[in-house]
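Chains as they are written, first to last, in my numbering: chain A, 177 to 542; chain B, 177 to 542; chain C, 177 to 542; chain D, 177 to 542.
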C-alpha cells in the first residue's frame with residue numbers, strides 16, 4: 177500500500193494508474209532460475225504494452241459493436257464510430273512501429289531466456305483471440321497453431337472470456353446488416369444500376385483490348401490475364417444477380433452479402449455526397465484496420481524469423497510459419513478492398529437526378 | 177534562368193538545388209487531356225520523391241561497394257560502411273511510411289487518371305532495378321512481370337544504365353568475399369567448432385524432446401515439426417562439411433559460401449568482442465535493409481490491392497499479384513536470418529582461451 | 177532525350193515522371209571544387225524532397241483556398257477539403273520523420289561542404305514562404321532572418337512568385353469568413369449562450385477554489401495562477417461582448433473575429449451533431465497542420481543546433497536562433513487551440529431543443 | 177488465480193506476463209462516480225504504457241550506469257552500452273509517436289473526466305523523476321511545478337524510491353569521468369592541439385569576414401552576430417585553458433569538465449579511427465537521447481495546450497506553461513551539441529603521425 181502524506185490527499189497519480197500492480201508485474205524467469213538475462217525485461221515489458229493496447233482496442237471495438245447492435249444506428253454515432261475506429265488505426269501504427277524496439281534485441285540475446293519460457297506462446301493471448309473473433313474472423317478461416325485450435329492452448333479462465341465471442345455478432349456482421357439497411361439502393365424513377373453496368377462493361381472491354389495489345393506479355397502471362405479478366409467479368413455480373421453472388425459466397429470467393437456489397441459500392445462511388453461521406457469514412461477506417469493488422473502480422477513474422485531462424489518457437493511449434501500463413505488468411509474485410517475493382521472514374525460516374533442529389537445532401541433552410 | 181539581383185550573389189538556394197528543374201517536372205496527363213484530376217499531382221510527386229530516394233540509396237550503396245571492391249577493406253571504412261548502410265535503413269523507413277500519404281488518395285480518385293498512364297509501370301524504374309542488381313538479386317530469382325524480363329520494358333537508355341550492373345560484383349558477393357577473408361576461423365590450439373557442435377547437438381536434442389512432449393500438436397503437425405527438425409539437423413551438419421554445404425547451395429537452400437557462413441556465424445556468436453563488434457553491426461544493417469525492402473514491397477502490394485482491387489494495373493498486367501510474389505522471393509540476405517537457427521545462449525557459448533580473447537580485443541598500451 | 181524502343185511506345189515511366197530532369201539536378205559543389213564530400217549528395221537530395229513536398233502542399237492548399245473563395249462553400253467540398261487537409265498532415269509527418277535521415281550525417285561531415293554553400297540558406301525557399309503566406313502568417317508576426325525580411329534574400333523571379341500571396345486572401349481569412357457565415361449562432365426561441373455562460377462561470381469558480389486550496393503552490397505560483405485565471409475570465413467575457421473581443425484583437429491576444437470564434441466554439445461543443453461533424457473535422461485538421469509545422473520547426477532547430485553548434489549557418493547568420501524563435505511565433509491557428517479553454521464536459525452541455533436538434537441533423541425521409 | 181487445465185502446464189503466457197495484474201488495473205473514476213466517460217480508459221491505458229516504457233528505460237539506464245561505475249570500463253561493455261542506449265532512443269520514438277493516439281481524444285471529451293482526477297498530475301511520476309535524476313538533471317536546473325519541488329508532490333513511498341538518485345552518480349558524471357580517463361589526449365612527440373588551434377582560428381576569422389560582408393544583415397543583426405562570434409571565440413580559448421573553462425562552468429555556460437570536453441572533441445574529430453568509433457557512437461547515442469526527450473516534452477506541451485487551452489491542469493497549475501519551460505531547460509548533454517561549434521572539415525583535420533594512427537587502430541597480426 178502506498179504510504180500517504182498530505183502530498184497525496186485526493187487522487188494520486190500512482191494510485192490512479194495502479195502503478196503498484198503495473199510496475200510490479202515483471203518477473204524475469206531467467207533471474208528466478210539464477211541466470212539473469214538482461215533482455216528478458218524488454219521481452220516482458222513490450223508484451224505487456226501490447227496487451228494494454230489490445231485492451232484499449234477491445235474497449236473501442238466493444239463500443240462500436242454496441243452502436244451497431246441496435247436496429248437503427250443513431251446518426252451522431254456514425255461520427256463517433258469513425259473516430260474510434262481511427263483511434264484503433266493509430267494504436268495499430270504504434271503496435272507496428274514498436275516492433276523496432278524488440279528488434280534491438282540480438283537473436284543470440286533472446287536465446288539466453290527463450291528456453292525458460294517454454295511452452296508459453298503469443299498464440300495464447302486471449303485478448304488477441306477476442307479481437308479477431310469480434311472483428312469477424314470465422315472458425316473456418318482460422319489457421320490452427322501446431323494443427324490445433326486455440327481452445328486447446330488457453331487456460332480455462334481465458335477460454336471462458338473468449339468463447340462467448342464465438343457466438344456473438346461480429347463487427348463484420350453488424351456492418352453487413354447496417355449496409356443492408358441503407359435506404360439508397362433504389363431511387364425513384366432512376367435506374368442507377370443500368371447506367372452503371374454499361375460503363376463498367378465498357379471499361380472491362382477496354383481492359384481486354386489493353387491485355388490483347390500489350391507487347392510485354394508472354395503468351396502464358398497473357399492467358400493468365402485473360403483468365404483473370406474473365407473471372408472479374410463473372411464476378412461483376414454477380415453485382416446484378418443475387419443468385420450468382422450467392423454462388424460466389426458459397427465457393428468462398430465472397431463473404432459480404434449481395435445487398436451489403438451493393439450498398440458499399442454505392443458509398444464508395446458517391447463518397448462526396450454529404451450523407452454518404454461519413455459512411456465512406458467508416459468503410460475506409462475498416463479497410464485501414466484490416467490493412468494494419470495484416471502489416472503487423474507480416475512484421476511480426478519477420479521479427480520471429482530474424483530472432484529464431486527456422487527453429488521451433490517457445491510454443492513448441494514453428495512460430496514463423498504460422499505467422500506467415502495468417503498474414504493474409506486472417507483478413508476480414510477483403511471484400512471492401514476488392515470492390516475497388518468495380519469503381520469508376522468520377523468523370524464516368526452517372527449524374528444523379530436533382531431530386532436524388534437533394535436526398536443525398538443535408539437539409540438546411542435558413 | 178533565374179533573374180539575379182544582389183540578393184543572389186554567391187550560391188543561391190534555388191539554383192544550388194536546381195529547383196527550376198525539380199519543380200518544373202510535373203505535367204499531369206489528365207490536365208493535358210483536358211480532364212484535370214486533382215490527385216494526379218500527388219501521384220507524380222510521390223513517385224519523384226521515391227526516385228530521389230533511390231538515387232540516394234544508390235549513392236550510399238556504390239560507396240559501400242567501392243570500399244569492399246578492394247582486396248583489403250580498410251578498417252576505418254567498416255565504420256563508415258555501417259553508417260551508410262544505417263542511413264539506407266532510415267531512408268527505407270521514410271519510403272515505407274510515406275505510402276500513407278499515397279493512401280490518402282481514394283481508389284475512385286485514382287481512376288480519374290489511371291487510364292491516361294497506360295502502359296507506364298513502376299516496374300520500369302531503372303533505378304530500382306539497379307538497386308536490386310547491386311544488392312545481389314540474381315536473374316534466376318527475379319520474378320518476371322507479365323512473364324517477361326525487365327529488359328523488355330525499359331527504354332534503351334535506361335537499359336544501358338542497368339545492364340552493366342548485371343555483370344559487376346554485387347554487395348552480396350563482396351560481403352561474401354570479405355567474410356571469407358576473416359582471419360578468425362581457426363584459433364591456434366583451440367578447436368572452437370568441436371565445442372560448438374556438441375552444444376548445438378544438445379540443443380537440437382532438447383528441441384526434439386519438446387516437440388515429442390508437446391501436447392498441443394496434432395499428429396500431422398508433430399510429423400511436420402519432426403521433418404522440419406530433421407532438415408535443421410542436416411543443414412547444421414553442413415556447417416562442418418563443405419561438401420554438404422555445397423549440396424545445399426546447389427539445390428537452392430543456401431546461397432552464402434561455406435567459409436563465409438562460418439565467419440558470419442562466428443561474428444554473430446561473439447558480437448561483443450571489440451574486433452567483431454563493427455562486423456556484427458554491419459551484418460545487422462544488412463539484415464535490416466533486407467527486412468525493410470520486404471516490408472516496403474508488402475506495403476506496396478497492399479496499397480495497390482486497395483487502389484485497384486483485382487484489376488490489371490497501368491502496366492497492363494496484374495500489379496498486385498506481381499508485387500506479392502516478390503515480397504519474400506526478392507530477399508537477398510535470407511541466409512543471415514537463417515543463421516539465427518544455429519546461435520547459442522551466451523551462457524552456453526564456449527569460453528575462449530585468454531590468448532584468443534586478446535586477439536579479439538583492441539591493442540592499447542598506455 | 178530518352179532513346180525509344182518499342183518498349184516505350186505509349187507513356188513511359190521515366191518520361192512521365194521527367195526523371196531526366198529530376199535525377200540530373202544534383203551537382204555537389206564540393207565535387208565541382210575538387211574536394212568531393214560524400215554527404216553533400218544527401219544534403220541536396222533531402223532538400224529537393226522537401227521542395228517536392230512543399231509543391232504538393234501548395235497544390236492541396238490552393239485547391240482548398242479555391243473552395244473557400246466562393247461566397248457559398250458547396251457542401252460536398254467540405255468533405256473534400258477535410259481529405260486534402262488531412263493529406264497535408266500526412267505529408268508533414270513524413271517531413272518531420274525524414275529529419276532522421278539527415279541526422280545520420282555527422283556534424284563533422286557536414287563541415288566538409290558547408291563553406292561552399294555560403295550564403296545560400298533554407299530561408300530562401302520561396303515555396304515555404306508561399307505556404308506561410310497562404311496559410312495566413314502576417315508580415316507583422318514574421319520573424320526576420322538576420323534582422324531582414326525575406327524580400328531581401330529572394331531572387332527577383334522567386335520574389336515575383338511569392339509577393340502576390342502577401343495580398344491575396346489567406347486560409348486563415350477564408351476560414352474566418354466561412355465560420356462567420358455559419359447559420360447556427362442563434363436558434364429561434366432558445367438562448368444557448370445564456371445557459372452556456374452560467375455553466376462556464378461555475379467552472380471558473382471551481383478552478384478558482386482549486387487554485388486557492390492547492391497546497392502545492394508557492395505563494396508566487398498561486399499569485400501567478402490567480403492572475404492567469406483573471407485573464408481567462410476576462411477573455412471569457414469577450415465571448416459575449418464584441419467590443420471586448422475587439423480590444424483583445426487590438427492588443428494582439430486574439431486574431432479570429434468575434435463571430436467566427438463563437439461559431440468555432442459551437443462546432444467544437446456540438447461536434448457530434450451530423451451537420452457539425454465535418455466542420456469539426458475541418459477545424460481539427462487545421463489544428464493538426466499548425467501543430468505539425470511547429471513540431472517540424474522545433475525538430476529543424478534541434479537538427480541545426482546539433483549540426484553546427486552555436487556557429488553561424490551557411491546563410492551568414494545564426495540559423496538555430498532564428499529557427500527557435502519561429503517555432504511558436506509562426507503559428508497561425510493558436511486561437512483554435514485556445515478555444516479549448518472554454519469547452520464544457522459533454523454532461524454539462526446545454527441540451528438543445530428538439531427543433532434545434534433536427535436542424536442539426538440530416539434530412540432523410542424514406 | 178487463473179484456473180489451470182492441462183493446457184497450462186509449464187509456463188503460461190498470461191501468467192508469465194502477469195496479465196491478471198496488468199489488465200485489472202484500469203478503474204475509470206468517471207465510472208466510479210456514475211458518469212462513465214468512454215475516453216478515460218484511453219487516458220489510463222496510455223499513461224500505464226508510458227510507465228512501462230519508463231521502467232524499461234530505467235532498466236537499460238541502470239545497466240549502463242553499472243558498466244561505467246567501475247574504475248575501468250571493460251571494452252566489450254562499450255558496445256553493449258551503445259546498443260542499450262540506442263534501444264532507449266527507439267523507445268523514445270515510440271513515446272513521441274504514441275502521443276498521436278492521445279490526440280485522437282477531442283478536448284471536449286477530456287473534460288468529461290478531467291475534474292475527477294484532480295489533483296493528480298503527471299508531475300507525480302516517480303519513474304520519470306528517477307530518469308531525469310539518473311541522466312544527470314541537477315536540482316538547480318530543475319524547473320519547479322507550481323513553484324514547488326517534486327518532493328512536495330510525491331507520496332512517501334515514491335519519494336523513498338526517488339531520493340537516493342539525488343545522491344548517486346549520474347550518467348552525466350560517469351560519462352564525464354570516462355572521458356577524462358581517455359588515454360589519447362596527448363600523443364608522444366605530436367602536438368595535436370597546436371595544429372588544431374590554428375585551423376579553428378582561421379575558420380573563425382573566415383566566419384567574421386562572412387558576417388562583415390553579409391549584405392543581408394541589418395546593423396542590429398550584424399552587431400548581434402559579432403557579439404555571438406566574440407563569445408564563440410572566447411569559449412574556444414577555453415579549450416586550451418583550463419582556468420577559462422572553469423570560469424565558463426562557474427557562470428553556467430558549460431557543465432562538462434575541461435579534460436572531458438577535450439576528449440569528447442577528439443572523439444568527434446577522429447570518429448573514424450577504429451578505437452574511437454564506438455566511443456563516437458556512444459556520444460551520438462547520448463545526443464539522440466537528449467534530443468528525443470526534448471522533442472517528447474515539446475510534443476507533450478503541444479498536446480496539453482490543445483487539450484485544455486490556457487486552463488489549469490488536473491494538478492491545479494498551468495501544466496502547459498511548466499512543460500514548455502522544461503523543453504530545453506531540462507536538457508542534460510547540451511555541451512555535446514555545442515561541441516559541433518569547434519569541429520573541422522575532415523579535409524582540414526591535422527593528419528596524425530603513423531605511430532599515432534597505429535595506436536588508434538586495431539591490433540591484429542595473423
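Heads up, the beta-carbon is just placed ideally off N, CA and C, and yes, glycines get one too. These numbers come from a predicted model, not from an experiment.
Pairwise C-alpha distance: residue j and residue i
{"i": "residue 197 (chain B)", "j": "residue 195 (chain C)", "result": "10 Å"}
{"i": "residue 265 (chain A)", "j": "residue 468 (chain A)", "result": "7 Å"}
{"i": "residue 485 (chain C)", "j": "residue 326 (chain A)", "result": "57 Å"}
{"i": "residue 260 (chain B)", "j": "residue 454 (chain D)", "result": "16 Å"}
{"i": "residue 419 (chain A)", "j": "residue 348 (chain A)", "result": "21 Å"}
{"i": "residue 536 (chain B)", "j": "residue 255 (chain B)", "result": "17 Å"}
{"i": "residue 395 (chain D)", "j": "residue 388 (chain D)", "result": "10 Å"}
{"i": "residue 199 (chain A)", "j": "residue 275 (chain B)", "result": "37 Å"}
{"i": "residue 385 (chain A)", "j": "residue 244 (chain A)", "result": "44 Å"}
{"i": "residue 334 (chain D)", "j": "residue 333 (chain A)", "result": "34 Å"}
{"i": "residue 390 (chain A)", "j": "residue 380 (chain A)", "result": "15 Å"}
{"i": "residue 516 (chain D)", "j": "residue 483 (chain C)", "result": "6 Å"}
{"i": "residue 530 (chain D)", "j": "residue 423 (chain D)", "result": "37 Å"}
{"i": "residue 179 (chain C)", "j": "residue 496 (chain A)", "result": "Legend: pLDDT at residue 179 (chain C) = 43, less than 50; position of this residue unreliable, no value from coordinates given."}
{"i": "residue 354 (chain C)", "j": "residue 249 (chain C)", "result": "8 Å"}
{"i": "residue 475 (chain C)", "j": "residue 188 (chain B)", "result": "24 Å"}
{"i": "residue 314 (chain B)", "j": "residue 504 (chain B)", "result": "14 Å"}
{"i": "residue 236 (chain B)", "j": "residue 191 (chain C)", "result": "25 Å"}
{"i": "residue 319 (chain D)", "j": "residue 498 (chain A)", "result": "52 Å"}
Listed by chain order, chain C residues near residue i by CB distance under 7 Å
{"i": "residue 224 (chain B)", "result": "193, 198, 228"}
{"i": "residue 241 (chain B)", "result": "By Cβ distance, chain C contributes nothing, its closest Cβ being about 13 Å from residue 241 (chain B), past 7 Å."}
Chain-ordered neighbours of residue i on chain A, where CB pairs are closer than 8 Å
{"i": "residue 378 (chain C)", "result": "In chain order: nothing, as chain A lies at least about 20 Å away."}
Neighbouring residues, chain A, relative to residue i (Cβ below 9 Å)
{"i": "residue 295 (chain D)", "result": "185, 186, 187, 188"}
{"i": "residue 475 (chain B)", "result": "467, 471, 474"}
The segment 314-335 of chain B: positions lying closer than 9 Å to chain C by Cβ:
327, 328, 329, 330, 331, 332, 333, 334, 335
Hey, is the segment 247-266 of chain D in contact with the segment 339-346 of chain D, meaning 3+ C-beta pairs nearer than 8 Å?
no
Can you list, in chain order, the stretches of the alpha helix (DSSP H) that have 4 or more residues and sit fully within the segment 221-306 of chain A?
251-273, 275-278, 283-293
May I ask you to list, following chain order, the residues of the segment 248-280 of chain C that have a beta carbon less than 7 Å from some beta carbon of chain D?
none
Which residues, taken in chain order from the segment 340-359 of chain D, show a beta carbon closer than 8 Å to some beta carbon of chain A?
none
Could you list the residues in the segment 430-453 of chain B with a C-beta less than 7 Å from some C-beta on chain D, going in chain order?
448, 449, 450, 451, 453
Where the segment 516-539 of chain A meets chain B: residues whose CB sits under 9 Å from a CB there:
516, 517, 518, 519, 520, 521, 522, 523, 524, 525
Looking at C-beta atoms only, is the number of pairs between the segment 365-380 of chain D and the segment 516-532 of chain D that lie closer than 8 Å three or more?
yes
Quick check: the segment 430-449 of chain D against the segment 276-295 of chain C, are there 3 or more CB pairs under 8 Å?
yes
Assess contact between the segment 287-296 of chain D and the segment 285-301 of chain C, defined as three or more Cβ pairs (one per stretch) separated by less than 8 Å. Is contact present?
no
Residues in the segment 365-393 of chain B having any Cβ partner in chain A nearer than 7 Å:
383, 386, 387, 390, 392, 393
Residues of the segment 205-222 of chain B whose Cβ lies closer than 7 Å to any Cβ of chain A, in chain order:
211
Meets three-Cβ-pair contact criterion under 8 Å: the segment 210-218 of chain B and the segment 409-417 of chain D
no
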